[in-house]
Amino acid sequence: MCFCFQTIEVLTSVPCPELALRLYLQCAEAASDCDLEPVAYEFFTQAFMLYEEEIADSKAQVTAIHLIVGTLQRINVFGVENRDTLTHKATGYSARLLKKPDQCRAVYACSHLFWVDDPDGIKDGERVLLCLRRALRIANAAQQMASATRGSSGPVTLFVEILNKYIYFFEKGNPHITPSDIQSLIELINNEMQSDNGNTTIHSDPFFTSTLRYIKFIKQKGGLMGEKYDPIKL
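Residues in the sequence shown are numbered consecutively from 1, following UniProt numbering.
See the structure below:
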């Protein structure tokens, strides 16, 4: 472990902070595979310190956050306290990215830290919902900024991406994600598209159209999943 730390520290002094961060995360994942929780936690701590002190470029920060979240999602060695500390850090960094769209995408990516799709994985539906609602607030703020600067609400892409996250967790059985949540998001997106310079063309966004087509397919297919979608009106 000491050799790994020393090698990575050399990269931080070159400087190659992005590469060093990747190596810290890879070492954390390797330590997790060996069931070495304290070692994995220390590598994550070093990765976070490196992010805070050395990675200043906004694009590099976005890449780093998604690497951190993705790695943390795959690691299952941490106990409740250590995992809570790391996920809290990751969600905090996500919400402080420079651009609103980047904030939004990083925050909704963090929802997967609270719902791991395997038999022994964490399934905290309430915190998933909190992440998605936070992402939705950021998306709303991004729309308001677009409206103020361009005179139009801009594309609804962020809302559609969040809708698809709601659908994902709804299908995974998160009891905190309800048909009414999905219905409300669909209506919000429709309203945003209608209000954009008075444009009354509905479902003109290809991603949104594809999402609605998927919901319609599941409803028509029937079965248990079709019944879950039945209350949703398109």
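We put the beta carbon where it would ideally sit given N, CA and C, even for glycine.
A quick note: this is a predicted structure, and the numbers were derived from the prediction, not measured.
Next item on the list: State the DSSP-derived secondary structure class of K123, mapped to helix, strand or coil.
Entry: strand
Margin query: Within the continuous alpha helix (DSSP H) that includes F169, where are the two ends?
Written below: T157 to E171
Next item on the list: Ignore the nearest five residues each way along the sequence and tell me which others in A28's own chain have a CB closer than 6 Å to its CB.
Entry: A40, F43 and F44
Notebook entry, point to check: What do you reckon, are the CB atoms on T91 and C34 nearer than 8 Å?
Noted result: no
Item checked: Enclosing alpha helix (DSSP H) for G226 [first to last residue] -> G223 to Y229
Notebook entry, point to check: Between the stretch 131-151 and the stretch 65-80, do at least 3 Cβ pairs fall closer than 8 Å?
Noted result: no
Check: Hey, quick one: how far does the alpha helix (DSSP H) through I75 stretch, first residue to last?
Finding: No alpha helix (DSSP H) holds I75; DSSP gives it neither H nor E.
Notebook entry, point to check: Of the choices P17, A148 and D118, whose alpha-carbon is the least far from that of K172?
Noted result: D118
Item checked: Proximal residues to S58 (C-beta, below 8 Å), its chain only, five neighbours per side dropped -> L97, L98, K99 and D102
Item checked: Beta-carbon separation (whole angstroms), R22 vs L72, contact threshold 8 Å -> Incorrect: roughly 14 Å between the Cβ atoms, too far for contact.
Notebook entry, point to check: Hey, would you say V160 sits closer than 8 Å to I138, going by beta carbons?
Noted result: no
Check: Does the distance from the CB of N174 to the CB of G125 come in under 8 Å?
Finding: yes
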